[in-house]
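Worksheet: the structure to be examined is printed underneath.
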Amino acid sequence: MECAEAFLKDQLSGSHRALIPGTLKTAYQTAKTIIDGEAVFNVPSAQHGRIIQWAVDHAFQRLCESRQWPFDFRWRDYERPTGYYLEIRPSHSVITISQVSDPKQQPRDVLFRENKRISSQLWLRGLPRPGGDEPAGGEIHIILVHGHQSLNFAHLGIPKGEHESGYHYRTPNLMLMPHIVTSPEPPPEDTDMEAVITLKEQIDKWRTDNAE
505 MECAEAFLKD QLSGSHRALI PGTLKTAYQT AKTIIDGEAV FNVPSAQHGR
555 IIQWAVDHAF QRLCESRQWP FDFRWRDYER PTGYYLEIRP SHSVITISQV
605 SDPKQQPRDV LFRENKRISS QLWLRGLPRP GGDEPAGGEI HIILVHGHQS
655 LNFAHLGIPK GEHESGYHYR TPNLMLMPHI VTSPEPPPED TDMEAVITLK
705 EQIDKWRTDN AE
């Protein structure tokens, strides 16, 4: 998808992306405080990654509740295995959050991510395809991945349809991004902007047709 970068920036502006590093740092510090303060979390079998992910989910829920990120959110069932994950909903996409050890790779392949990739690919193949014979559905899936154990990277990415294939587009490391955006981003190319508008119109039509 040639307009993947433009679409991601349409869904998350520079000022919204600039809030990610501080939010993650606060969450990681919260997790460290909890881990350091409880002996039960300092045994060799303790899974610190779980605590980090809980703290990250809570931090981004608060970011939405405060309207610093003016997006709706909801907790969704994993489908398999059991449990819930946080889904954040910009205008025409859904964002999920995962820890990964390799920022170039998608998170581990679980059912809900597979389903979201399938929905996204129906939009992304051969865009634009109004009137095509392959029906599209759902919103585009954006993944926020962050460093496993240590917070040395964070990226937003639109995953490709095959789990092993990485991303249509992945941002540079957001942990190196200035936390305050002082100047506007360069506008996207006209062709990319036209493709983004077409994509959003098609998603809106799908929502109307499916009473979303």
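If you're matching positions, the sequence shown starts at 505 in my numbering and goes up one per residue.
Every residue, glycine too, gets a C-beta built ideally from N, C-alpha and C.
Because the structure is a prediction, the values reported are computed rather than measured.
Per DSSP, the bridge partner or partners of residue i
i, result
"G661", "I647 and R674"
"W579", "L590"
"S570", "Answer by DSSP bridge pairing: none, since S570 is not bridged."
"V598", "H645"
Collapsed DSSP secondary structure at residue i in the structure displayed
i, result
"T509", "Position check: residue 509 holds Glu in this sequence, whereas Thr was assumed. Helix."
"E591", "strand"
"Q515", "helix"
"A522", "coil"
"E698", "helix"
"Q603", "strand"
"G704", "Looking at the sequence itself, residue 704 is Lys, so the reference to Gly does not match. Here K704 sits in helix by DSSP."
"P634", "In this predicted model, P634 has a pLDDT of only 43, less than 50, meaning its place in the structure is not dependable; the value taken from the coordinates is given anyway. Three-state DSSP puts P634 in coil, outside helix and strand."
"H652", "coil"
"M681", "coil"
"K529", "helix"
"P692", "coil"
"K709", "helix"
"N714", "coil"
"Q451", "One cannot answer for residue 451 here, as it falls past the ends of the chain, which runs 505 to 716."
Under 8 Å between C-beta atoms of residue i and residue j
i, j, result
"V604", "H645", "no"
"S568", "I601", "For the sequence presented, residue 568 should be read as Cys rather than Ser. The answer is no: Cβ separation not under 8 Å."
"Q610", "P692", "no"
"I556", "A535", "yes"
"K608", "G670", "yes"
"V649", "G665", "no"
"L590", "F577", "yes"
"H672", "E643", "no"
"A510", "M697", "yes"
Contact belief for residue i with residue j at Cβ below 8 Å, rounded distance in angstroms
i, j, result
"R521", "L678", "6 Å"
"I524", "A658", "6 Å"
- At least 3 beta-carbon pairs within less than 8 Å: the region 508-518 vs the region 528-548: Using a C-beta cut-off of 8 Å, the region 508-518 makes no contact with the region 528-548, since fewer than three inter-stretch Cβ pairs fall below that distance.
- Three or more beta-carbon pairs under 8 Å between the region 522-532 and the region 553-569, yes or no? yes
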